[in-house]
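Engineer: A single structure is presented below for examination.
Numbering (the numbering used here), first residue to last: 1 to 204.
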């Protein structure tokens, strides 16, 4: 939810208006749709984990180890691109965005499907994850995981493919929101998602 507010190169969290002023705790509370007290608690936890740093002017900077907006370095394949314009169109809860965030390390490089080996090159070697296995990754009960996946499918953030066993559903992230590979998604991915959301400004 903070990614669209990351300032290019500087990584300071700023407003999206022409002012581009640093975000305050009150601004963060509005973005997260929580009380100021809750926002302060969240910020304190992010600071404790060195994900966010407080600036002297009362604003905040995101640790570029986790998120940045600038040209990627040599480890570009290990990154996930986020398309901010598309991301901002979704009206999801912080919990559902957090659910998706936990899936990102398991996004397959070529197919955008959630799997246990995201850089497997041979299609036969890719071990895709079903709903039960995704529940283990996100640390939720299987029933709650299925509910979250259903909400995200309805919103268009994720899609699904049926595996060889028709009883199992494979989960794929919308490449117009999150995408690891350079260039355009392949025809299958485009057909699955392009009717739902257009691409926008990219970041990492």
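Positions of the beta carbon are idealized from the N, C-alpha and C atoms, including for glycine.
1) Going by beta carbon distance, what residues of the same chain come within less than 7 Å of residue 17, once the five residues before and after it are set aside?
2) Pull up the distance between the alpha-carbon of residue 72 and that of residue 103, whole angstroms please.
3) Note the first and the last residue of the continuous beta strand (DSSP E) segment covering residue 173.
4) Along the alpha helix (DSSP H) that carries residue 29, what are the first and last residues, could you check?
5) Assuming residue 3 and residue 84 make a contact with CB atoms under 8 Å, what is their CB distance in whole Å?
6) Flag this pair as yes or no: are the beta carbons of residue 132 and residue 147 separated by less than 7 Å?
7) Assuming residue 106 contacts residue 129 under a Cβ cut-off of 8 Å, what Cβ separation, rounded to an integer in Å, is found between them?
8) Buried or exposed: residue 98, going by 16 or more other Cβ atoms within 10 Å of its Cβ?
9) Between the C-alpha atoms of residue 12 and residue 184, what's the straight-line distance to the nearest angstrom?
10) What are the start and end residues of the beta strand (DSSP E) that includes residue 177?
11) For the beta strand (DSSP E) containing residue 54, list its first residue and its last residue.
12) Can you tell me whether DSSP reads residue 137 as helix, strand or coil?
13) Quick one: is residue 123 buried, meaning 16 or more other Cβ sit within 10 Å of its Cβ, or exposed?
14) With DSSP run on the structure shown, which of helix, strand or coil describes residue 13?
15) Quick one: Cα of residue 198 to Cα of residue 137, how far?
16) With DSSP run on the structure shown, which of helix, strand or coil describes residue 111?
17) Can the beta-carbon of residue 81 be found closer than 7 Å to that of residue 9?
18) Count the other CB atoms within 10 Å of the CB of residue 193; is the residue buried (16 or more) or exposed (fewer)?
19) Just grab the DSSP bridge partners of residue 105 for me.
20) Residue 112: which of 91, 95, 140 and 79 sits nearest, CA to CA?
Structural biologist: By the coordinates alone:
1) Against the chain shown, residue 17 aligns to sequence position 17. Here the set comprises nothing.
2) Reading the chain shown from its first residue, position 72 is the one you call residue 72. Reading the chain shown from its first residue, position 103 is the one you call residue 103. So the two alpha carbons sit approximately 21 Å from each other.
3) Position 173 of the chain shown holds residue 173. Element bounds for residue 173: 169 to 173.
4) Position 29 of the chain shown, counted from the first residue, corresponds to residue 29. Per DSSP, residue 29 belongs to the alpha helix (DSSP H) from 25 to 32.
5) Here the question's residue 3 lines up with position 3 in the chain shown. Here the question's residue 84 lines up with position 84 in the chain shown. The pair is a contact, with the Cβ atoms about 6 Å apart (cut-off 8 Å).
6) Within the chain shown, residue 132 is the residue found at index 132, counting from 1. Within the chain shown, residue 147 is the residue found at index 147, counting from 1. For residue 132 and residue 147, no; Cβs fall outside 7 Å.
7) In the chain shown, the residue the question calls residue 106 occupies position 106. In the chain shown, the residue the question calls residue 129 occupies position 129. At roughly 7 Å, the Cβ-Cβ gap stays under 8 Å, so residue 106 and residue 129 are in contact.
8) The count along the chain shown starts at 1 and reaches residue 98 at position 98. Under this definition residue 98 is an exposed residue.
9) Position 12 of the chain shown holds residue 12. Position 184 of the chain shown holds residue 184. Roughly 29 Å between the two C-alpha positions.
10) Working through the chain shown from its first residue, we reach residue 177 at position 177. Careful: residue 177 lies outside any beta strand (DSSP E) and carries neither H nor E.
11) The residue labelled residue 54 in the question sits at position 54 within the chain shown. Unbroken beta strand (DSSP E) run through residue 54: 52 to 54.
12) Here residue 137 corresponds to residue number 137 of the chain shown, with the count starting at 1. Residue state, collapsed to three classes: helix.
13) Mapped onto the chain shown, residue 123 falls at position 123. Residue 123 should be labelled exposed.
14) Position 13 of the chain shown holds residue 13. If DSSP states are grouped into helix, strand and coil, residue 13 belongs with the strands.
15) Along the chain shown, read from residue 1 onward, the residue named residue 198 stands at position 198. Along the chain shown, read from residue 1 onward, the residue named residue 137 stands at position 137. For residue 198, the predicted model reports a pLDDT of 46, less than 50, meaning its position is unreliable and no value from the coordinates is stated.
16) Start at 1 with the first residue of the chain shown, and residue 111 comes out as number 111. Three-state DSSP puts residue 111 in coil, outside helix and strand.
17) Counted from its first residue, the chain shown places residue 81 at position 81. Counted from its first residue, the chain shown places residue 9 at position 9. In this structure, residue 9 does not lie closer than 7 Å to residue 81 by Cβ.
18) For the purposes of this step, residue 193 is taken as residue 193 along the chain shown, with counting starting at 1. By the beta-carbon neighbour count (other beta carbons within 10 angstroms, threshold 16), residue 193 is buried.
19) As a working mapping, residue 105 is identified with position 105 in the chain shown. The partner list for residue 105 (beta bridge, DSSP) is empty, contrary to what the question assumes.
20) As a first step, residue 112 is located in the chain shown; it is residue number 112 there, counting from the start. Residue 112 has its Cα closest to that of 79, out of 91, 95, 140 and 79.
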